[in-house]
Ligand code: UDP
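Residue numbers (the numbering used here): -10 to 232.
(1) Kindly indicate which residue of 97, 191, 63 has the alpha-carbon position closest to the one of residue 226.
(2) According to DSSP, simplified to helix, strand and coil, what is residue 17?
(3) What is the rounded straight-line gap between the Cα of residue 192 and the Cα of residue 198?
(4) Let me make sure I understand the geometry here. Which of 159, 172, 30 has the alpha-carbon closest to that of residue 18?
(5) Is the separation between the beta-carbon of residue 26 and that of residue 175 shorter than 8 Å?
(6) For the alpha helix (DSSP H) containing residue 220, name the first residue and the last one.
(7) Can you tell me which of the three DSSP states residue -10 falls into?
(8) I think residue 103 touches residue 181, with their Cβ atoms under 8 Å apart; what is that distance to the nearest whole Å?
(9) Comparing alpha-carbon positions, which option in 216, 219, 92, 209 lies nearest residue 143?
(10) Using a Cβ-Cβ cut-off of 7 Å (strictly less than) and excluding sequence neighbours within five positions of residue 47, which residues of its own chain qualify?
(11) Less than 8 Å between the C-beta atoms of residue 57 and residue 73, yes or no?
(12) Taking all protein chains shown into account, do 16 or more other C-beta atoms lie within 10 angstroms of the C-beta of residue 132, making it buried, or fewer, making it exposed?
(13) For residue 128, report the span of its alpha helix (DSSP H) as first-last.
(14) Give me the Cβ distance between residue 39 and residue 155, rounded to the nearest whole Å; I'm assuming they're in contact under 8 Å.
(15) In the DSSP assignment, the beta strand (DSSP E) including residue 94 goes from what residue to what residue?
(16) For residue 110, list the residues DSSP reports as bridge partners.
(17) Do residue 160 and residue 152 have their CB atoms nearer than 8 Å?
(18) Kindly list the residues whose CB is nearer than 7 Å to the CB of residue 68, restricted to its own chain and excluding five residues on each side of it in sequence; keep chain order.
(19) Taking the straight line between their C-alpha atoms, what separation do you get for residue 23 and residue 44?
(20) Which partner residues does residue 2 have in the DSSP bridge list?
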């Protein structure tokens, strides 16, 4: 049974990082594709405005809080989430699990060359890791059909989709019955980190719950996107109090 807390209309799993890892291992034993989503405050504000996005998130099989704002908001509802489960860390765990269990992976997304660089780096870290394929994330409808055919043919166990939110979550939802994999996870900018094109916040910022601040320092153009963080806190506070 899942323990979740509904935050601004989206059910978020209240588990620890380790429990999330265990759930993913369990998914790999099952037949049907499981969808893993990692919303942060910004995405939850988008989901309030876009019910179709909220619907997709609510159909996720594992929906973890990739943001300190979401962990904080859970307290308003009296169902505190144990800890932040960063999408980037969960992706790294899944890669390690894929390697040790000899499961194959597929990367979809990022600019031309990013998925390829991610595969290159991964092969250095995990020699012999099974890569079923990769494709950049800027494709038209004809190319999309070819990508899906390639995925069906190469049968990856885990598909990491980095098309930005909500595109990646909606893409997984729209194609879940065709893909034939065990897990499809929306990973956003984590693929750029794996490729070495972007840097993760240093541990100090992560531990202090200030990863968002580090990203703001590195990419000031994110400022307007980040205004969604206080907006999210207000929305969640109001939602929890008016239940
Ligand atoms: N992306 C993509 N196709 C698109 C839009 C975005 O492949 O049509 C990729 C983009 O190149 C980047 C990733 O999606 O590698 C994450 O995008 P975003 O900045 O929205 O995500 P975040 O950094 O918030 O996770």
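Beta carbons are placed, not taken as given, at the ideal position from N, Cα and C, and that holds for glycine. These figures come from a predicted structure and were not determined experimentally.
Well, looking at it:
(1) 63
(2) helix
(3) 10 Å
(4) 172
(5) yes
(6) The continuous alpha helix (DSSP H) containing residue 220 extends over residues 217 to 230.
(7) coil
(8) 6 Å
(9) Out of 216, 219, 92, 209, 92 has the C-alpha closest to the C-alpha of residue 143.
(10) Same-chain partners within the cutoff: -1, 0.
(11) yes
(12) exposed
(13) Unbroken run through residue 128: none, as it is neither H nor E.
(14) 7 Å
(15) 94 to 98
(16) The partner list for residue 110 (beta bridge, DSSP) is empty, contrary to what the question assumes.
(17) yes
(18) Cβ within range, chain order: -6, 3.
(19) 15 Å
(20) -7
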